[in-house]
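Worksheet: the structure to be examined is printed underneath.
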Amino acid sequence: MSVRPDTLLRVRGLRTTFATPRGDVRVLDGLDLDVGRGEILGLVGESGSGKSVTAYSLLRLVRPPGRIEGGQVLLDGRDLLALPERELRDVRGKEISMIFQDPRGFLDPVARVGAVLQEVYRRHEGGSRADARARALELLRSVGLPTPERVFRAYPHELSGGMAQRAMIALALACSPKLLIADEPTTALDVTIQIQIVRLLAELRERLGLTIVLITHNLSVVAEVCDRVAVMYAGEIVESGPALEVFERPRHPYTVGLLGARPRVTGADEWLADIPGRVPDLLRPPSGCRFNPRCFLADGLCRAEHPALRELEPDHRSRCHHAERLRGEAAA
Amino acid sequence: MSAREPLLRVEGLSKSFRVRVGGRRATLRAVDGVSFEIARGETVALVGESGSGKSTTALCLLRLEEPSGGRVVFEGTDMTALSRAELRRLRPRLQIVFQDPTESLNPRRTVGATLLEPIEAHGIARGGDARRRVAELLDHVGLEVEHARRYPHQLSGGQRQRVGIARALATGPSLIVLDEPTSALDVSVQAQTLNLLRRLQREIGLTYLFITHDLGVVRHLADRVLVMYAGQLVEEAPTAALFARPVHPYTRALLDAVPVESPAQRRRRLVLPGEPYSPIDPAPGCRFLGRCPWSAAECESPVDLYDAGGGHRVRCVGWAHGRVPEPEPEAIAS
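From first to last, the protein sequence lines stand for chains L and B. Count along the first sequence from 1, add 28, and you get the number used in our numbering. Residue 81 in our numbering is what sits at position 84 of the second sequence, and the numbering runs on without skipping anything.
Shown next, in the form of structure tokens:
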């Protein structure tokens, strides 16, 4: 696999397992992922694909019954999985920050937004209260809140969904991280607010050179803003590449299926192209390719042999034995 | 009931709630004078964002919320004038499917028992006939007979929503209100469910009121669209006409906010400032006024729905007076 020179985050062989009464479930099974500096990578998948577990594993926030069993998470060459917990605490917030789907469930409900921002800033950066207050107000303004002073004094429940998400982004940016992990940041928002937040993420990348991993089930959000995309299925990356390439020339049958299953505003197809069947039980994943029971290309080879993630074009990879047969078979 | 009578006619439907804002008493006009009709066999989409009143409208139609005013005439009967007992007799004809099947199914009941209940309660069938009807319903929605013995937690999200649809079908309804029925589902499962709804409509001749915020779903399934903003209907049009020529400034913003389908289509867009507005003690004028790029003094007076031709109605005085320009064709996704 070729490695691009400007990689900020490099994940190799990441394995995360969850213990269940019926046995161990390997939710991530040897995940490899590269994120370039200043890039927005979309990590796409449906429920149970392992996309959120990936986010938590990168920050070592996996809690029992889950555990990280192996692999490397290299941030600027330093392996986060090998760091002592104390050093890792400095990495969280200062080098990597995370935002979530429900900001109001995450922000402290009994603390004013400004107080939390000031505290986070002072704990990491020191300085006077006045400095911290000025910085907090500047952050709130920089995420497009029209009345930063009002938000500074507000409690989370007094904010609308869109304002709360902006406030959480301000908090995530308090210590100028290099990498922002955004886990379904627009899923709970209205259509017109969703596009505001997506535009904000794009603007922060431009202005701050921020690197963003955007985790979502919504392919259109990826189409709107991501430079590269990685598609996950049943704990593995099944396709990755430049967003334009993956959308216009998908090289994995699952990606083809996902793109075709979207009801579109541009055309009224009579029937949607659905993907038959459902996500496999990871306790007993299918033999060979994990997608084979639902795949229109599956044959004996797919049932017998687990495919590797292969590079077909520069930076465009697919985990399909028959990827060559999908050339130019765009769903759009 | 005459042949030309619509299946459902809603006239001036209103629902207010008393609320307190900073200790002061106020009135939230959640649904404010909403009127529309649905013809037999039609799929009408009711579109809006949080606080637009779309779900409250649905609950009032079924009288799961008591409307504060207006009339709902269903199959020729004024539902708002009925007693609880009379309403119960009409219930089998008018059903609802909710967004979250997990919350709307009893976790301690098997799928079979859940489906049997309405069939027996409304005296549709008993004993062996009722059980055969359950098997038929399961088959209709693409489930197997053995699913009747399962509990909701033993099913996937998509399967649970199929049970929710089967339960709505159990009593032989003519109209089904679908309240965001696929919002909680994954893309591939959503596609399966939308295809199922379309197939059922063809096979059984159902009429749907489809409540959603997803404009892709609207384009795919609806014959006609109603757009709500802050408790009022702001635009109504046949689906193709609405997407080709969104007239109300809010509808334009809503369509412009839909993310692109491929990175190849990225474009500059007019990002609408501000947030959806809660109609608490609303001023008499246009409720979109504060976010509208074309607002003017005349927008501060009450605004009627204007006829835009071909069943297209718009609540925008600026457009009616030629001040708000027609939408540019290239501004619309094509």
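Using N, Cα and C, we set each Cβ at its ideal position, and we do this for glycine too. On a predicted model such as this, the values are computed, not experimentally measured, just so you know.
How far does the alpha helix (DSSP H) with residue 116 of chain B in it reach, from first residue to last?
Boundaries of the alpha helix (DSSP H) around residue 116 of chain B: 108 to 118.
Could you check whether the Cβ of residue 294 of chain L sits closer than 9 Å to any Cβ belonging to chain B?
yes
Which value, in whole angstroms, describes the spacing of the CA atoms of residue 216 of chain B and residue 157 of chain L?
53 Å
Residue-level contact to chain B via CB, residue 226 of chain L, 9 Å cutoff:
Closer than 9 Å to some Cβ of chain B, the Cβ of residue 226 of chain L qualifies, so yes.
If you count every other CB in all the chains shown that lies within 10 Å of the CB of residue 14 of chain B, and 16 or more means buried, which is it?
The residue in question, residue 14 of chain B, is exposed, as its Cβ has fewer than 16 Cβ neighbours within 10 Å.
Cβ contact check for the stretch 138 to 148 of chain L and the stretch 157 to 167 of chain L: 3 or more pairs under 8 Å
yes
In three-state terms, what does DSSP make of residue 105 of chain L?
DSSP places residue 105 of chain L outside both helix and strand once states are collapsed to three, so it counts as coil.
Give me, in chain order, the residues of the same chain whose beta-carbon lies closer than 8 Å to that of residue 251 of chain L; leave out the 5 immediate sequence neighbours on both sides.
271, 275
In this structure, does DSSP put residue 329 of chain B in helix, strand or coil?
For residue 329 of chain B, the predicted structure reports a pLDDT of 47, less than 50, and the residue's modelled location is therefore unreliable. The matter cannot be settled from this model.
Between which two residues does the alpha helix (DSSP H) carrying residue 152 of chain L extend?
141 to 153
Please return the same chain residues whose Cβ sits closer than 6 Å to the Cβ of residue 149 of chain L, not counting the five positions on each side in sequence.
Residues of the same chain with a CB within less than 6 Å of the CB of residue 149 of chain L, apart from the 5 flanking positions on each side, are 160, 163, 202 in chain order.
Please report the residue range of the alpha helix (DSSP H) in which residue 192 of chain L lies.
189 to 200
How far does the beta strand (DSSP E) with residue 12 of chain B in it extend, from its first residue to its last?
5 to 18
Where are the alpha helix (DSSP H) runs, 4 residues long or more, that stay fully inside the stretch 293 to 354 of chain L, in chain order?
328 to 332
Can you pull out the residues from the stretch 266 to 291 of chain L whose beta carbon lies closer than 7 Å to at least one beta carbon of chain B?
271, 272, 275, 276, 285, 286, 289, 290, 291
Hey, is residue 151 of chain B's beta-carbon within less than 9 Å of any beta-carbon in chain L?
no
Residue 240 of chain B CB to nearest chain L CB: under 9 Å?
yes
When the Cα atoms are used, what is the spatial distance from residue 102 of chain L to residue 114 of chain L?
17 Å
Could you spell out where the beta strand (DSSP E) holding residue 229 of chain B opens and where it closes?
229 to 235
Mapping DSSP to helix, strand and coil, what is residue 32 of chain B?
strand
If the cut is a Cβ gap below 7 Å, which residues of chain B does residue 251 of chain L touch?
256, 257, 258, 259, 260
Using the beta-carbon of each residue, which ones in chain L are nearer than 7 Å to residue 250 of chain B?
220
Determine, using beta carbons only, whether residue 176 of chain B comes closer than 9 Å to chain L.
no
Going by DSSP in three states, residue 160 of chain B sits in which element: helix, strand or coil?
helix
Do residue 8 of chain B and residue 32 of chain B have their CB atoms nearer than 9 Å?
Yes, the pair counts as a contact, with Cβ atoms nearer than the cut-off.
Go ahead and pull the three-state DSSP assignment for residue 173 of chain B.
Correct three-state label for residue 173 of chain B: strand.
What are the start and end residues of the beta strand (DSSP E) that includes residue 66 of chain B?
66 to 71
Output yes if chain B places a C-beta closer than 9 Å to the C-beta of residue 301 of chain L; else output no.
So yes, residue 301 of chain L belongs to the interface.
Rounding to the nearest angstrom, what Cα-Cα distance links residue 200 of chain B and residue 137 of chain B in this structure?
9 Å
Which residues does DSSP pair with residue 303 of chain B in a beta bridge?
B:311.
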